[in-house]
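Since the structure comes first, as structure tokens, the remarks are kept for the end.
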Amino acid sequence: MTGNLFKITPIGLIYEENGRITAEVNGNLCKGLKYISLFSHIILLYRSETQPNILNTNLSQRVVKLEEVREKEGKLIIGSLSGMEVTRNLLYDIKPYFPNEDRVKNAMAPSRPFQSFPSLCKDSLTRLGTIQKQQGSCFLEIPENFETWSDALRGFSHIRVIWWFHKFEKECFRNTLECDPPYENAPKTGVFASRSPVRPNPIAMTTARIINIDKRTNRIQVSLLDCYDSTPLLGICPYLPERDFIPRYRLPQWLEHWPQWLDDRGFSAAQEPLLQKNPAELLFRYRKAMPESGSRIASFFASLQDMPLLSDQGIVVKGARQNNLKNIDVMIPYGKVTVVTGVSGSGKSSLAFDTIYAESQQRFLANMSLAERSQLSVPEKPDFDQISGLPPAIAISQNRINRNPRSTVGTATDLYTLLRTLFANIGVRHCPECGRVIKKMNAGEIVESLKNCKAGIVMKIRPFHDEKKVRTFLSADEMDTGYEEYLRTFDTAVRKALETGKGAIEVQLDGEEPFLLQTTEICCHCDYVLFELTATDFSFNNPESMCPVCSGLGRIMDIDPGLIVSDPDKSLLDGASPFWGSLRRFKTSPNANWMRGEILALADDMGINLERAWKELPEDFRTQAIYGSAGREVSFSYKNKNGRAGTITRPAEGAYNILKRLLQSGGTEKQNAMLEPFLHEKPCDCCKGERLKLESRLVTVADVRFPEAIRMNMEELLQWISGLPEVLNPAQAASVQPVLQEIYMKLSDYIRIGLGYLSLDRPVPTLSGGEWQRLQLVGQLGSGLSNILYILDEPTAGLHPKDYDKLMQIINKLKNLHNTVLIVEHSPAVIRAADNVIDIGKEAGQTGGYVIAQGTPSEIAENKDSETGLYLSGRKEIKRDHPAEAGNSRMIAITGIHGNNLKNISIQFPVNAMTCITGVSGSGKSTLVNYGILPAVRACAEKKAAANKKYDTITGAEDIRRIVHITQKPIGRSSQSTPATYTGLMDEIRILFSRTPTALRMGYSPGRFSYNSKDGQCPVCRGQGYKTLDAAFMLSAKTQCHLCKGRKFNENTLQVHYKEKNIAQVLDMSIREAAVFFDDNKKLSETLQLLNEIGLGYLTLGQSSLTLSGGEAQRIKLAAQLQQNSGGNILYLLDEPTAGLHFSDIRNLLILLDKIISNGNTVIVVEHNPDMIRSADWVIDLGPEGGDRGGRLVVQGTVSDLKKCSASHTGRIIKAY
């Protein structure tokens, strides 16, 4: 394929020999003719020397009867080709004639010859257009000469569509010549075409019904085609019954059950059929009593046994100097849990991740070839003297969440894959048309299941669709004389009935309702063919199994009628609707814009005064304005200033229908921008959010459909999985026992660590960092790895204190599998549960990086030099200096908050105070903020109604003028982003440098002092400070820039000094140093002092934002917001602000929050930290559990009220803290 020109390779010739027409394929393709002799007819695709019958090509297609097949010679004797002059025609494809693909019932064709359009024939193979799949429907998009094509196809009910299968051009799809039966499990294409194993040419030909020809969009809607979206359309051949219809045909025996007519049903997003019961359940009632094998569940799910610990030897680190580490020595014992703690910025991550983990990666990659290493991202070599005894390391952090919307909890944990395997192996399929069970069995299984009926059962067996050939049997007992003869007779009768019924028999037991048993995967009542069920059929990422409307996302963008009129208090003339805009201006100077003109025409027709507010207009008019006049014509006359005039008369389409049409047509960029204000996301109308095609959604195990299993949370799924061994027959249970055991063990561990509320269809991007880390942690248990060093980054983040013990159980499981665990953590509960503690400090930044203490938790608590020890021992504690009196404050109340798992709750919280929202993981805290507090207060502050609100009312927020929501998302995605650039400090610093005498003399502007500026940056490294060496088959390596020595600026820029410091030296200052350096500049001093107060004094001004933790990024955002928003009446919403904070840092944070509150503001924090909770003025506790068992208001009030609530997990923790 080159551009729009497509090249195909001849596979042989058609010629006349001894009065007989022969199609001969090239010798290397002879094996592709295997089994073709079992078909009576074939379709040839060849080069026509006269006028071709496939329009837009130089090709013809013809159905011919096979008279003789000489497979070894590659010759097919086909008799004659009526109306065709055979010379030596090039042959391009051979397709067996399948009646369910090629035989059309009641096809219509006009009397005129379709060859009357010679302009549509070509002498080459070029692109005619594109096959588009939209909302499950199939369209042939023809951009040029569509009028001619419309005339050419007028009167034809069906066409043959020729298309290019460009998705399968790789050599791996052309690596075999044999097409082995059964064809039922093979692709629905020809021997040599499309997705067949033998395919010299990636072309396909499919018969389709014409549903609609739309001249407005240049598209022909046809019945479903087995191709991908945006497939190149090459040509069209009208279906002629006299040429293409074969009344009598022969198929291989294994295909005789296939339908005899083309399935040309169009796509329908109709309601799913009612699923009918599996006939195997009726058979089960009539089975002989089987000996009990005892409880299968007890032996089915076995737990992992604890393994012995390793020796006491450990990892020895000597002279670590990475980042701010001060040449430290530490020893991490094998087979133990070691916690690294210390104040924020002290060097914990520098030791655990930047030194130990980075060196482990370096050593692992050193065993690979340079070519292999060049494909990987490798951390830089850390700075240390010696590290001995270092095992392979796995880092489990919070900041590597997969942001792909297709990634779910199920896919990330492999539970989705395991369930796909389970359903593919024992799933029961149902017909998408009628809901009947389609259960394929072999003949032996059918005989075995029937002969196991209890003695004395009357069995009537007949071939399907044959009322006459009924055989009646009385089931015999094994002890009866003549039992062997009975079995032989019974076996023969069943197999004969299956042969006569084309693989299906109807069975009636004791006069009950007859049921079907079959050896084929086809609904015998609807002629609906299903192909072999595999795990791929349950993948929403596979184009062939995903929902055709939403492409496997489960959600679609649609027009929301409620957004068309945004301000119902205004009139349409004054802009009540952004759709029509300012109609007053348009009415003054009208033009032929019918989109606006129709609303004026409709108002004139109905006698409506458009000066009135929208909400005051008659309901009938409002309905027609939105949804159209139902075919009633209205007229609009216009005459503008340019003298253009006219009258348009047509039905009013309605704003909703216009927007819907533009959305479905996939308009221009300008049209898409116009649509955006009216769009909202909603569950897919077709799959109802289940993401899969209908055939896959209807597969059941124990009467549970696959999407229903995926929607379960982990606790519900475990309960269902646990019961399966009792409801499955022994053979089924045995076949899937390893899968069920794996699912059971995984689910048990996820529930134990407090994630039982998560459903498998939960998108990964919606998880918190802590949830994501715990999912990864449990995933490592299933790996079975031993002698590994696991490095964890604050695994308690986002975890309720009640689940800390469960977290430590999982960590200890990892330890007991002969592994060593290193944890960066601040939680006192985890520190106390560790075997060993390394306390880094004493302060942060350049004054940190020392080992203050190392030993057991009790030894750390007794160390007077350890800040951590002081808090662990209780000699220091976190207290607010000036808590507010919440009971005397004015309250903001929000009622009826719902969405996700929230149960229509109503809350209240005090202004000018600190409120803490608590609850176990998954209890609904984020939903309360995002669906309740945030939109409700924002609507009050902005004085406008919230769209699609998930709450009823809000009161008491009239004085709130702004809401500031601060999350832990990164403050920059570029290495050039720094604390100085984000907070605006850099702008002021550049101005100061530009005002120095040297800069003024040289004419330097403030932009000169930016390393992003070509004027100021180093010309070699372009402001990066380093050069990256990218050499073929070598690792990428960063080296300090030889010209600027890492300073980022060129020499001329560095000649400018402010207070004897150049710009690079200023950026190397810590925030604490900069606060002193700029103490005479009020603007800079205030911001720097604020950053220092919230515990960020150790950061340097020029430190890359990519190196900041979530907690550090959040505090920088908080400082920036405080600088921008002076004054009171602001609501600050903070998401887990203590993440990554040491005890002393939390104390500093509380001082800052008190400062915010004292300025007349309100603070709400979402928190799990006990010190923050007990320091709050007001607490809103959600729960009592997570998921469906959460979403309720457990208690709200003061900390004292919280402690008194026995139903609150949080209350019990705080009471005992």
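Residue 1 is where the sequence shown starts when you use full-length UniProt numbering, and the numbers rise one by one after that. Positions of the beta carbon are idealized from the N, C-alpha and C atoms, including for glycine.
Only buried fits VAL1195, as 16 or more other CB atoms lie within 10 angstroms of its CB. 8 Å or more divides the Cβ of ALA936 from the Cβ of ARG961. The C-beta of LYS813 has 16 or more other C-beta atoms within 10 Å across all chains shown, which makes the residue buried.
Straight-line measurement puts the Cα of GLU68 at about 30 Å from the Cα of ILE236.
Secondary-structure assignment with DSSP links ASP793 through a beta bridge to VAL824. PHE364: member of the alpha helix (DSSP H) spanning 358-366, first to last residue.
As DSSP reads the structure, GLU506 sits in a beta bridge with ARG462 and LEU516.
Boundaries of the beta strand (DSSP E) harbouring ILE43: 41-47, taken from the DSSP string. DSSP places PHE621 in the uninterrupted alpha helix (DSSP H) bounded by 619-627. Sequence-distant Cβ neighbours of VAL634 in its own chain, meaning closer than 8 Å and more than five residues away, are GLU598, ALA601, LEU602, ASP604, ASP605, THR649, ARG650, PRO651 and ALA652. Closest in C-alpha terms to LYS1155, from the list ALA913, GLY932 and HIS1209, comes ALA913. Here HIS1168 is buried: its Cβ has 16 or more other Cβ atoms, across all protein chains shown, within 10 Å. Here LEU679 is bridged, per DSSP, to ILE559.
Per the DSSP secondary-structure output, CYS1018 pairs with nothing in a beta bridge. As for any alpha helix (DSSP H) of minimum length 4 sitting wholly inside the region 70-152, the runs are 99-102, ordered along the chain.
Here the C-alpha atom of ILE791 lies approximately 21 Å from the C-alpha atom of ILE852.
Its Cα nearest to that of PRO10, the residue ARG47 stands out among VAL1179, ARG47, GLY1102 and LEU38.
Your pair HIS1209 and LYS802 checks out as a contact, with CB atoms roughly 5 Å apart and the cut at 8 Å. As for any alpha helix (DSSP H) of minimum length 4 sitting wholly inside the region 577-612, the runs are 583-588 and 594-606, ordered along the chain. Counting only runs of 3 or more residues that sit fully inside the region 1087-1146, the beta strand (DSSP E) segments are 1130-1135, in chain order. Excluding residues up to 5 positions away in sequence, LEU934 and LEU1133 lie with their Cβ nearer than 7 Å to the Cβ of HIS965 in the same chain. The C-beta distance from LEU799 to SER906 rounds to 27 Å, too long to fall under 8 Å, and the pair is not in contact. Separation of ILE556 and GLN719 (C-alpha to C-alpha, rounded to the nearest whole angstrom) is 32 Å.
Nearest to THR126 by alpha-carbon distance, out of GLY79, THR57 and LYS1082, is THR57.
Annotation for ASP244: no beta strand (DSSP E) segment contains it, though the alpha helix (DSSP H) segment containing it runs 241-244. By the neighbour-count definition (other C-beta atoms within 10 Å, threshold 16), GLY1191 is a buried residue. Bridge partners of HIS965 according to DSSP: LEU1133.
Under the three-pair Cβ rule at 8 Å, the region 926-933 does not count as touching the region 863-882. Around the C-beta of LYS95, 16 or more other C-beta atoms lie within 10 Å, and the residue is accordingly described as buried. Below 8 Å, too few C-beta pairs join the region 515-527 and the region 581-598 to call them touching: fewer than three. The three-state reading of DSSP puts GLU1167 in coil, since its state is none of H, G, I, E or B. In summary, GLN51 is exposed, with fewer than 16 beta-carbon neighbours lying within 10 Å of its beta-carbon over all protein chains present. The alpha-carbon of CYS431 is positioned some 14 Å away from that of LEU517. Relative to the Cα of GLY849, the nearest Cα in the group ILE1157, ALA455, PRO590 and GLN322 belongs to GLN322. Under the three-state reduction of DSSP output, SER539 falls in the coil class, being neither helix nor strand.
At the C-beta level, ASP491 and VAL447 come within 8 Å of one another.
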